[in-house]
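Residue numbers (my numbering), protein chains in the order written: chain A, 209 to 363; chain B, 72 to 255.
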């Protein structure tokens, strides 16, 4: 018969676990800094197409976002199913683009305004009519740097 | 029983091991719900707006490569039907013109790609076509930079890239879309 030795009393822990949470909190703060809290709720369904010629948008502060797609289900009663544009966090028309660009520009210092890029997040099923109108409005407002948002396609 | 002396209470240490569990839970929550927002896309520089109508490119000259996309997402390249998969190679052939054919570009600096959509073309098709055209330039630029500097275009220095940009400029001219197809 094997004899079992009962361990008497609690073995004092050699590794102090008190510092583990500190490490975890550090990691947590890292993620909180690196990830982005979305400031505008997406009201349209946007499924961007895939492409291979992609460039990353470096500075988030220099980017303004234009969303184009069909309204999400909960907005379909009021806004229909035809593709619409969302500037920031509300629905808008092409005529609202200059004001939207100005508002974004005003938040930035003079020397950075050259680097402003407009990120167009457009759903793949949207037709080019509205896209062409948006491009014309951007050209008229002298916003020439445009980035068509797309996912990475693996050929 | 009921009485706990202050000495007993001082001996009780808070078990810090469960704090780690709570922190792990919070961490996993953050990992799952947020995204490291990576915004990528096809970078395009729009031409400046001018109130005068743009001068019409003479479509039939050897230096102009016309790509038309209709509302059914079909391509018509220089009058011939073409599939999107073949566009990149055909465009590369046009720009680089290795056999010096008379119907292709004289010189890569003179090559102009003219893209025209219809208002009814799907955005997905437009972006795929634009991507293929850009990819044609990228591959040509990579070939050139490998020949000259032994590395890919994106790894070259600014001066080296400017050199290659001069001999292979990206000239994609977009015309006003036609409105033959259904727009919605």
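Ideal placement from N, C-alpha and C gives every residue a C-beta, glycine not left out.
Chain B beta carbons: is any one of them nearer than 8 Å to that of residue i?
i	result
residue 275 of chain A	no
residue 347 of chain A	yes
residue 302 of chain A	no
residue 336 of chain A	yes
residue 295 of chain A	no
residue 229 of chain A	yes
residue 279 of chain A	no
Under a CB-based cut-off of 8 Å, is residue i close to chain A?
i	result
residue 192 of chain B	yes
residue 220 of chain B	no
residue 144 of chain B	no
residue 199 of chain B	yes
residue 141 of chain B	no
residue 213 of chain B	no
residue 155 of chain B	no
residue 116 of chain B	yes
Under 7 Å between beta-carbons, which chain B residues line up against residue i? List them in chain order, please.
i	result
residue 241 of chain A	By Cβ distance, chain B contributes nothing, its closest Cβ being about 11 Å from residue 241 of chain A, past 7 Å.
residue 332 of chain A	193, 194 and 195
residue 357 of chain A	110 and 112
Taking its Cβ as the centre, do 16 or more other Cβ atoms sit within 10 Å of residue i, making it buried, or is it exposed?
i	result
residue 303 of chain A	exposed
residue 167 of chain B	buried
residue 314 of chain A	exposed
residue 209 of chain B	buried
To the nearest angstrom, how far is the alpha carbon of residue i from that of residue j?
i	j	result
residue 287 of chain A	residue 293 of chain A	11 Å
residue 260 of chain A	residue 110 of chain B	14 Å
residue 253 of chain A	residue 332 of chain A	10 Å
residue 150 of chain B	residue 163 of chain B	18 Å
residue 239 of chain B	residue 173 of chain B	19 Å
residue 226 of chain A	residue 235 of chain A	16 Å
residue 227 of chain B	residue 241 of chain B	17 Å
residue 156 of chain B	residue 165 of chain B	16 Å
Got a sec: is the Cβ-Cβ distance from residue i to anything in chain C below 8 Å?
i	result
residue 182 of chain B	Checking the listed chains, one finds no chain C in this structure; the protein chains it contains are A and B.
Taking Cβ-Cβ distances shorter than 9 Å, what residues in chain B pair up with residue i?
i	result
residue 232 of chain A	90, 91, 93, 94, 95, 97 and 98
Cβ closer than 8 Å: which chain B residues qualify as neighbours of residue i?
i	result
residue 339 of chain A	194 and 197
What in chain A is Cβ-close to residue i, meaning under 8 Å?
i	result
residue 240 of chain B	Those do not exist, as residue 240 of chain B stays about 16 Å from chain A at its closest Cβ, beyond 8 Å.
residue 308 of chain B	For chain B, the structure presents residues 72 to 255; residue 308 of chain B sits outside this window and is missing.
residue 189 of chain B	336
Can you list the residues of chain A that residue i reaches, using a CB-CB cut of under 7 Å?
i	result
residue 254 of chain B	335 and 337
Subject >> Cβ pair count under 8 Å reaching 3, the segment 313 to 329 of chain A against the segment 84 to 93 of chain B >> reply: no
Original post:
Between the segment 110 to 123 of chain B and the segment 334 to 342 of chain A, do at least 3 Cβ pairs fall closer than 8 Å?
Top reply: no
Original post:
On the three-pair Cβ rule with 8 Å, is the segment 263 to 272 of chain A touching the segment 135 to 148 of chain B?
Top reply: no
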